[in-house]
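Here is the structure we will look at.
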Amino acid sequence: MQEAIRLGREGMMNNEGGPFGCVVVKDDIIIGRGWNRVTSDKDPTAHAEVTAIRDACKNLQVFQLDGCEIYTSCEPCPMCMGAIYWARPARVYFAASRNDAALAGFDDSMIYEELTVPVGERKISMTCIIPEMAALLFNDWIKKENKISY
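Residue numbering for the sequence shown follows this note's numbering, beginning at 1145 and increasing consecutively.
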């Protein structure tokens, strides 16, 4: 956890993004490091957890982090939680809470709330169009013989 916090501080001091850091550990060895790079990369998805997951997967040459642990300086936001669930680590440890982050100006409460709102009532307009074409794409996936499932 100390390394995750150190990375968050270093990235923040280098003006690369907010005060967030993360490491991915397997068999007691750090195999992925990340810090918030939202402002430096001009990428709203470049949160510490996402960058650490990308680094770990690249280093291990895998797309899932079975048997790994994630140590992150703050409770993951909804986007990072999604990335974590897709990566499938064994466990996650965090230091600060989402409430601590909100006090520092990083308030994700609107996103948590939006996830429970019906699609047609969300703050950002979301409209389903041509679902029949998407259904064909999924049918092709179902029939694909040499697919790599995840």
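Glycine is no exception: its CB is placed at the ideal position from the N, C-alpha and C atoms.
ask   = Would DSSP call Cys1212 helix, strand or coil?
value = Look at Cys1212 here: in three-state DSSP terms it is strand.
query = What residues are listed by DSSP as bridge partners for Cys1166?
reply = Per DSSP, Gly1178, Thr1216.
inquiry  = Taking 6 Å as the limit between beta carbons, can you name the residues of its chain near Gly1152, skipping five residues before and five after?
reply    = Once the five neighbours on either side are set aside, the close Cβ partners of Gly1152 are Pro1163, Phe1164, Gly1165, Trp1179, Ser1217.
task = Note down the Cα distance separating Lys1291 from Met1157, rounded to an integer number of angstroms.
result = Pairing Lys1291 with Met1157, the inter-Cα distance amounts to about 44 Å.
request  = Assuming Arg1177 contacts Val1167 (C-beta within less than 8 Å), just tell me the rounded distance between them.
outcome  = With 8 Å as the limit, Arg1177 and Val1167 qualify as a contact, their Cβ atoms being about 5 Å apart.
inquiry  = I believe Ala1239 touches Ile1173 by the beta-carbon criterion, under 8 Å. Please report the beta-carbon distance rounded to the nearest angstrom.
reply    = The distance from the Cβ of Ala1239 to that of Ile1173 is about 20 Å, inconsistent with a contact at the 8 Å cut-off.
query = DSSP state of Ile1286, grouped into three classes?
reply = Looking at Ile1286 - three-state DSSP - the assignment turns out to be helix.
ask   = Using DSSP with H/G/I as helix, E/B as strand and the rest coil, what is Ala1240?
value = Three-state DSSP puts Ala1240 in a strand.
Option nearest Lys1170 by Cα separation, candidates Glu1160, Ala1196, Lys1267, Ser1184 = Cα-wise, what sits closest to Lys1170 is Ala1196.
Own chain, CB closer than 6 Å to Glu1289, minus 5 neighbours either side, in chain order = Here the set comprises nothing.
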